[in-house]
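All residue numbers for the sequence shown refer to my numbering, where the first residue is 8 and numbers rise by one. The C-beta atom is built at its ideal place from N, Cα and C for all residues, glycine as well.
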Amino acid sequence: MKAQIKLGRIFGVDIGLHYSWFIIALLITLSLASQFSLTNPDWSDSLRWTLAIITAVLFFGAIVAHELSHALVAKARGLPVRSITLFALGGVAQIEKEAADAKTEFWMGIIGPITSFVIGFVCLAITMALGWRPPEFPQQPLSAMLMWLGYINIALAIFNMIPGFPLDGGRVLRAIAWWITGDAKRATTIAARVGQVIAFGMIVLGVMRFFGGAGFNGLWIAFIGWFLLKAARESHAQVALNEALHGVRVADVMSPDYATVDGHSNLQTFVEEHLVRTGRRCFIVTFNGQAEGMITPNEIKAIQRAQWSYKTVGDVMRPLNQVQKVAPNTPVVEALEVMAREDLNQLAVIRDGQLAGVISRGNVLQLLRTRAELQV
Ligand SMILES: [Zn+2]
């Protein structure tokens, strides 16, 4: 999930919005406004809408606080955090590494629901101090706003504690299973299975309620179940991949025998005779036998086709000092993260300032395929 609108930086973490966030912000504002018209019929339209908007904004502030709490625990435990993105289904903190031990995983997971619960509890406590007595609806604008924020945050805390991966509750469950079994891989499988069972349960329950007359509420539960099922599969696959590649270094899978092309070659000839004929995506560009740059279909696509016959490979190559590099002893998982982040298919492997090889997504895929074939 990449943020498309940057909001700013808190504690060194970038906060951003994904476009899909606007849909949910609008839905929440609309439903708050219609709630207020039921519970506070004396209010004017402008008061109702103003308060709905302020409440929605504060709610998203509370989601940022929730994600920030995950991020701060991760940072305190030495895991780098890149950013927090708000999107249609809430927020997500991009933590660049998986927790290395069960305890870190546990605290990283549980701190979010604790934060939301505390925010909710404080909001409700202030509302009561202002004279609110449940189950009445407060008629004071400030009290009404705080009461909704209180309920929403507590609901958020409870929802996040559903023990389905990748929800916080799933992480907590995984941490506990990890701690008991001492086996991260098994813990992942257990947490993913429990998550799938719960997600299926929600889909079945939602559909049953829908046909039982619950209408939109039933569909909503089914939709969340479907989302959880999808997310459980994806994050299980991600964790399984990290585990499969645990201990594998760039030097193990890189191709040391990279293809080269002379920098003086004509671009058109290079495309026709090398690129489309061999199917290789990445060539190292040499001048007098010295590696100076890299060329891939990406660099060539940036040049108009009509210009190809007037350019040399050296003209369009990406010089080695501008190419993303990794060291041979970098873990493959990290190299994959760099490729995903920079949207690249390959990285140059540099040893002592010299090009030692090229690592591509294809190299990693091949390794995984071979292992799957032999079931090791
Ligand atoms: Zn969370």
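Same chain only: Cβ atoms within 8 Å of residue i, ignoring 5 sequence neighbours per side
i      : result
ALA63  : ALA32, ILE35, THR36 and LEU39
ILE133 : LEU153
SER90  : ALA10, VAL20, ASP21, ILE22, GLY23, ALA100 and GLN101
LEU362 : TYR265, ILE291, ALA298, LEU327, ALA355 and VAL356
LYS308 : none
ARG55  : ALA40, PHE43, SER44 and ASN47
Residue nearest to residue i in terms of C-alpha spacing, selected from the options
i      : options                           : result
GLY300 : HIS25, ARG216, ILE291 and GLU306  : ILE291
GLN353 : ARG140, GLY360 and ILE302         : ILE302
TRP233 : HIS25, ALA206, GLN314 and ASP108  : ALA206
LYS104 : VAL330, ASN167, GLN11 and GLN245  : GLN245
GLY98  : LEU75, LEU86, GLN311 and ILE165   : LEU75
ALA69  : VAL125, GLN361, LEU180 and VAL339 : VAL125
VAL323 : GLU280, LEU58 and LEU274          : LEU274
VAL268 : ARG312, ALA298, LEU14 and VAL260  : ALA298
CYS289 : LEU235, ILE61, ALA258 and PRO304  : PRO304
LEU45  : ILE30, LEU14, GLN146 and LEU180   : GLN146
VAL80  : THR188, ASN47, TRP114 and SER51   : TRP114
LYS237 : HIS253, GLY222, ILE210 and MET261 : ILE210
GLU143 : ALA83, ILE17, ASN47 and TYR317    : ASN47
ILE231 : PHE218, PRO173 and VAL345         : PRO173
LEU14  : VAL71, ASP49, ILE187 and PHE166   : VAL71
VAL204 : TRP227, LEU235, THR188 and GLY222 : LEU235
HIS73  : THR196, LEU86 and PHE166          : PHE166
Cβ-Cβ distance between residue i and residue j below 8 Å
i      : j      : result
VAL401 : GLY364 : In the structure displayed, the chain extends from 8 to 383; residue 401 sits before or after that span and is not available.
HIS77  : GLY119 : yes
ALA150 : LEU137 : The amino acid occupying residue 150 in the given sequence is Ser; Ala does not appear at that position. Yes, the Cβ-Cβ distance between SER150 and LEU137 is below 8 Å.
THR92  : GLY23  : yes
ALA100 : VAL88  : yes
GLY225 : GLY213 : yes
TRP315 : VAL278 : yes
ALA239 : GLY171 : yes
GLU280 : ARG178 : no
HIS25  : PHE128 : no
ALA355 : VAL330 : yes
ALA182 : GLY286 : no
ILE187 : GLY176 : no
Straight-line gap, residue i to residue j (C-alpha atoms, nearest Å)
i      : j      : result
VAL255 : ARG200 : 27 Å
PRO148 : LYS332 : 56 Å
SER272 : ALA251 : 41 Å
ARG216 : GLY208 : 12 Å
THR377 : LEU248 : 14 Å
TRP28  : SER242 : 21 Å
PHE294 : PRO326 : 12 Å
PRO338 : GLN11  : 29 Å
ASP359 : PRO263 : 15 Å
LEU180 : ILE17  : 29 Å
ILE161 : SER41  : 21 Å
GLU306 : ALA313 : 15 Å
GLY189 : LEU163 : 30 Å
ALA347 : GLY369 : 13 Å
MET261 : HIS253 : 16 Å
LEU351 : GLY222 : 45 Å
GLY296 : VAL345 : 28 Å
ARG84  : VAL340 : 19 Å
LEU5   : MET135 : As shown, the chain starts at 8 and ends at 383. That puts residue 5 outside it, with no answer to give.
LYS318 : LEU374 : 37 Å
LEU86  : GLU380 : 34 Å
THR276 : GLU349 : 29 Å
GLN311 : ASP52  : 56 Å
TRP227 : PRO141 : 27 Å
Spatial neighbours of residue i in its chain, beta-carbon cut-off 6 Å, leaving aside the 5 residues before and after
i      : result
TRP185 : ALA109, ALA191 and ALA194
ALA258 : PRO335
ILE60  : THR36
GLY219 : none
ILE197 : ALA184
LYS82  : VAL88
Close Cβ partners of residue i (< 7 Å) along its chain, the five nearest in sequence each way excluded
i      : result
PHE66  : ILE35, LEU156 and ILE159
ALA342 : VAL257, VAL333, LEU354 and ILE366
TRP139 : PRO145, SER150 and MET154
TRP50  : PHE43
Proximity test, Cβ basis, 8 Å: residue i and chain C
i      : result
LEU149 : Here there is only one protein chain, and chain C is not present.
Curious, which full-length beta strand (DSSP E) runs of at least 3 residues does the stretch 296–352 contain?
-> Runs found: 297–302.
Can you list the alpha helix (DSSP H) stretches of 4 or more residues lying completely in the stretch 116–197, in chain order?
-> Counting only runs of 4 or more, we get 148–167 and 175–188.
Go through the stretch 71–112 residue by residue and report every complete run of the beta strand (DSSP E) that reaches 3 residues or more, in order.
-> Taking only runs of at least 3 residues, the beta strand (DSSP E) segments lying wholly in the stretch 71–112 are 88–94 and 97–102.
Which whole runs of the alpha helix (DSSP H) in the stretch 218–265 are 4 residues long or more, in chain order?
-> The DSSP assignment places complete alpha helix (DSSP H) segments of no fewer than 4 residues inside the stretch 218–265 at 223–251 and 257–260, in order along the chain.
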